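One structure below.
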Amino acid sequence: MDRVDLAVVGGGVIGALIAREAVAAFPGATVAVLERGLIGQGASSRSAGVHFPRGATERVRSMSEHSQRVWEQLAAELGLPIHTVGATVVSAGDADAVSATYLRLGDETAPARGWEVPPGSRAWDLDGCQYADVQAVAERVLAGLRDQVTVLEGTEVTDLSFDGEHHRLTLGPGQELLARRVVLAPGPWIAHPAWADLVAPLGLRVKKVVAAHIEGIPAPGDPLVVFHDEDAFLLPLHERGHHLFSYTCNRWDVAPDDIGLVLEPSDLDDARAVLGRFAPGLVARCTSGRVFCDAYSPRREPVVAELLPGLVFAGAANGSGYRLAPAIAAETVAALALTPTGATSPLPQRLS
Numbered sequence: 001m002d003r004v005d006l007a008v009v010g011g012g013v014i015g016a017l018i019a020r021e022a023v024a025a026f027p028g029a030t031v032a033v034l035e036r037g038l039i040g041q042g043a044s045s046r047s048a049g050v051h052f053p054r055g056a057t058e059r060v061r062s063m064s065e066h067s068q069r070v071w072e073q074l075a076a077e078l079g080l081p082i083h084t085v086g087a088t089v090v091s092a093g094d095a096d097a098v099s100a101t102y103l104r105l106g107d108e109t110a111p112a113r114g115w116e117v118p119p120g121s122r123a124w125d126l127d128g129c130q131y132a133d134v135q136a137v138a139e140r141v142l143a144g145l146r147d148q149v150t151v152l153e154g155t156e157v158t159d160l161s162f163d164g165e166h167h168r169l170t171l172g173p174g175q176e177l178l179a180r181r182v183v184l185a186p187g188p189w190i191a192h193p194a195w196a197d198l199v200a201p202l203g204l205r206v207k208k209v210v211a212a213h214i215e216g217i218p219a220p221g222d223p224l225v226v227f228h229d230e231d232a233f234l235l236p237l238h239e240r241g242h243h244l245f246s247y248t249c250n251r252w253d254v255a256p257d258d259i260g261l262v263l264e265p266s267d268l269d270d271a272r273a274v275l276g277r278f279a280p281g282l283v284a285r286c287t288s289g290r291v292f293c294d295a296y297s298p299r300r301e302p303v304v305a306e307l308l309p310g311l312v313f314a315g316a317a318n319g320s321g322y323r324l325a326p327a328i329a330a331e332t333v334a335a336l337a338l339t340p341t342g343a344t345s346p347l348p349q350r351l352s
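In structure tokens form, the structure reads like this:
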């Protein structure tokens, strides 16, 4: 039976960053990443991949700032497909309240041509924003670790057990793996039978996530526009030749493998209703999109929690898995009860 020091269950962007942080923190440790499909082809493949430095709580703001530094570092080191973008925040809120949420809020500005700002709303510049091909990011991060990490794709974990010293993982292809430490980074697959009972006390729920595609090639200078009050944003995807409009869908308790988790006419109707308040000229071009889901926590903060001795859950990123993945990885490595000796970046302070 194969043995490893650390098994990371889940090969999305969070799992990939955990593996990278772990091999830097624990030189010589044996690490395996187990992915039921292909690397990055779960929630990461549907992600908008947008990063803007903000947070509704002190912990999330700290995680956002930490993650931005790491993404800048890794983009340069690995040539990751990360693209900087100018941004504008629109809100009817008090400037001080908006400034408290966004870490790099600039001066008040006029809305871009073709945009309407509802009565009472204002617009501000926002620095430090970027977007990425998240699936390609996860693939490239792990590709750079292949000489240090065993990556097993098409390998579902069907059972987990603990004997007080080692965790035994039963794998779909018929193998078993013993691990001193395990990290569960399952994305929205929180109800998988192998760990559903362990995860249930965390109180997580899975919510549908919808992003509409707006036909029409973005102009070179089109900004990312964040609609703060609506928790929505419009992102120019220059490499794909269209805009992406993400808005808040409130359909809860869905399952990632549900064949009914698809783009419905009502999803596009809801997207058009929000978009029409700001850019009526784009409504008719809102004709398609993407759908998936994510795990959400009761406090709307990512969860890094030890479920059993040496078994840590990492996720419930509330739709911000890419944006906060480096900070989630750093917190996870800190929770593994091993002494870090050279982590890729300083660990952010975890707030309770």
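If you're matching positions, the sequence shown starts at 1 in full-length UniProt numbering and goes up one per residue.
Just so it is clear, CB atoms sit at the ideal spot from N, CA and C, and this is done for glycine as well.
Keep in mind that this is a model prediction, so the values were computed, not measured.
Buried versus exposed, by CB contacts within 10 Å (16 or more), Gln175
The residue given as residue 175 occupies position 175 in the sequence shown. Taking all protein chains in view, the Cβ of Gln175 is surrounded by fewer than 16 other Cβ atoms within 10 Å, so the residue is classified as exposed.
Compute the beta-carbon to beta-carbon distance between Ser91 and Asp229, rounded to the nearest angstrom, for a pair I have assumed lies under 8 Å.
Within the sequence shown, the letter at position 91 stands for residue 91. Within the sequence shown, the letter at position 229 stands for residue 229. Going by Cβ atoms, the distance from Ser91 to Asp229 rounds to 5 Å, so yes, they are a contact pair.
For Gly260, does the three-state DSSP call read helix, strand or coil?
For the purposes of this step, residue 260 is taken as the residue at position 260 of the sequence shown. In the three-state DSSP reduction, Gly260 falls in the coil class, being neither helix nor strand.
Quick check on Arg20: buried or exposed, where buried means 16 or more other Cβ atoms within 10 Å of its Cβ?
Sequence index remark: in the sequence shown, residue 20 carries index 20 (1-based). A residue is called buried once 16 or more other Cβ atoms fall within 10 Å of its Cβ, and Arg20 is buried on that count.
Helix, strand or coil: how does DSSP classify Ile14 here?
Your numbering for residue 14 matches position 14 in the sequence shown. In the three-state reduction of the DSSP assignment, Ile14 falls in the helix class.
Restricting to Cα atoms, I'd like to know which of Phe26, Ser45, Pro27 and Val4 is closest to Ile14.
Taking the first residue of the sequence shown as position 1, residue 14 is located at position 14. Restricting attention to Phe26, Ser45, Pro27 and Val4, the CA atom closest to the CA of Ile14 is found in Ser45.
Residue range of the beta strand (DSSP E) that includes Asp294:
By 1-based counting over the sequence shown, the position of residue 294 is 294. Element bounds for Asp294: Cys286 to Tyr296.
In three-state DSSP terms, what is Pro265?
For the purposes of this step, residue 265 is taken as residue 265 along the sequence shown, with counting starting at 1. Helix.
Could you tell me the distance, in whole angstroms, from the CA atom of Val8 to the CA atom of Pro173?
Mapped onto the sequence shown, residue 8 falls at position 8. Mapped onto the sequence shown, residue 173 falls at position 173. Spanning the two alpha carbons is a distance of roughly 17 Å.
Use the C-beta contact count for Arg146: other C-beta atoms within 10 angstroms, 16 or more gives buried, fewer gives exposed.
As a position in the sequence shown, residue 146 is number 146, starting the count at 1. When all chains shown are included, Arg146 counts as exposed.
For the putative contact between Leu178 and His166, defined by C-beta atoms under 8 Å, what is the C-beta separation to the nearest angstrom?
Counting from one through the sequence shown, the residue named residue 178 turns up at place 178. Counting from one through the sequence shown, the residue named residue 166 turns up at place 166. About 5 Å; that satisfies the 8 Å criterion.
For Ala95 and Gly37, the rounded distance between their alpha carbons
As a position in the sequence shown, residue 37 is number 37, starting the count at 1. As a position in the sequence shown, residue 95 is number 95, starting the count at 1. About 45 Å.
Can the beta-carbon of Ala32 be found closer than 8 Å to that of Leu171?
Residue numbering aside, residue 32 sits at position 32 when the sequence shown is read from its first letter. Residue numbering aside, residue 171 sits at position 171 when the sequence shown is read from its first letter. No, they are not a contact pair.
Which one or two residues does DSSP pair with Ile82 in a beta bridge?
By one-based count along the sequence shown, residue 82 stands at place 82. In the DSSP secondary-structure assignment, Ile82 is bridged to Ala132.
Looking at C-alpha atoms only, which residue of Ala327, Gly40, Leu307 and Val283 is the closest neighbour of Gly154?
For this step, residue 154 is matched to residue 154 along the sequence shown. Taking only the C-alpha atoms, the option nearest Gly154 is Gly40.
Residues that DSSP places opposite Phe52 in a beta bridge
Here residue 52 refers to the residue found at position 52 of the sequence shown. Beta-bridge pairing by DSSP links Phe52 to no other residue.
In angstroms, rounded to a whole number, what distance separates the CA positions of Arg290 and Pro265?
As a working note, residue 290 is residue 290 in the sequence shown. As a working note, residue 265 is residue 265 in the sequence shown. For Arg290 and Pro265, the distance between alpha carbons rounds to 12 Å.
Looking at C-beta atoms only, is the number of pairs between the segment 311-318 and the segment 121-129 that lie closer than 8 Å three or more?
They do not touch, by the three-pair rule.
According to DSSP, simplified to helix, strand and coil, what is Val23?
What you label residue 23 is simply residue 23 of the sequence shown in a count that begins at 1. Of the three classes helix, strand and coil, the one that applies to Val23 here is helix, per DSSP.
Whose C-alpha, out of Gly12, Leu275 and Pro53, is nearest the C-alpha of Val141?
The residue labelled residue 141 in the question sits at position 141 within the sequence shown. Of the candidates Gly12, Leu275 and Pro53, the one whose C-alpha sits nearest the C-alpha of Val141 is Gly12.
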